[in-house]
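Just so you know, the sequence shown maps onto residues 1 to 253 in the UniProt record's numbering.
Each remark here refers to the structure printed beneath this line.
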Amino acid sequence: MSPTERDESGAGGLDRAAAILGAFDATHRELTLAALVARCGLPRSTTHRTADRMIRLGWLDKPGGRYRIGNRLFEIASLAPIRMELREAVLPFLQDLHHATRITVQLGVLEGGQILVVEKITGHRAMPMLSQVGGIIPAYCSALGRAILAYSDPAVIDSVLRGPLPARTPRTLTSSVAIVRELTAVPERGWAVEREEGNIGVSCVAAPIFGPLGDVVAALSVTGPSQFIRADRIGPAVRMAASAASRAYAKGR
């Protein structure tokens, strides 16, 4: 084994692979070698050599001269507890909620100051402005984030609201005081609301999902055109779906 091969088989190689994987996101699903080099920050020769190795491992694919995430990573990701346990427990209730509302439903978990979208059902009403499964959205200005933060430890809330809170639309709440006020209203009514703070014309209602110890683990939501999202009408259905999902998830743990 050459020094280069030994280096790439250790921590250095893993760091390079992580940098290459980090170059992909919802808006960069396929990349040329030049684009991959620009986004991962590695030298061209290193990027090419590491990417070729990742293709052999199934971590990347390269149809038509462009790199993309390989199927092997999808297979591995499907084994993560968040997919095998949480998603499988909640999915029937997401399907019921979508059937009842005919509007996009989502499942999300808190990761740092972001919400990771774990599952999404859109049906025939496509909403391309929303994050896809595996995408992230800010927790402070999303109903999914607020539904989770409302039941989180003060330290978690503080860490999310301590950083920059940029306005994504003219309606985005960017004051930590105003956001905390929103959070305090969630437990009483049972759902969180976001009105065109992420995308103009789009509103969302979300409710928390709890684990067997009573700790908040996720949230589910209904998201759609503002004219169809009446929190007073949709909120109770979202809350009931989240409550049923909580029982199913806790039972399976």
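All C-beta atoms in this analysis are idealised placements derived from N, C-alpha and C, irrespective of residue type, glycine included.
Cβ contact annotation for serine 226 (same chain, cutoff 8 Å, sequence separation greater than five): Arg195, Glu196, Gly201, Val202, Ser203, in chain order.
Apart from sequence neighbours up to five positions away, the residues of its chain that approach arginine 29 with a beta-carbon distance below 7 Å are Arg68, ordered along the chain. In the DSSP assignment, glutamine 132 forms no beta bridge with any residue. For the pair arginine 146 and leucine 183, the CB atoms are nearer than the 8 Å cut-off. Looking at the DSSP output, lysine 120 sits in a beta bridge with Gln106.
For arginine 39, the uninterrupted alpha helix (DSSP H) segment begins and ends at 33-40.
Between valine 118 and valine 133, the CB-CB gap stays under 8 Å.
Comparing alpha carbon positions, the residue from Leu42, Leu36, Ala34 closest to arginine 16 is Leu42. Under the DSSP assignment, threonine 50 falls in the alpha helix (DSSP H) whose first and last residues are 44-57. The alpha helix (DSSP H) runs lying completely inside the stretch 140-185 and spanning 4 residues or more are 143-149, 154-162, given in chain order.
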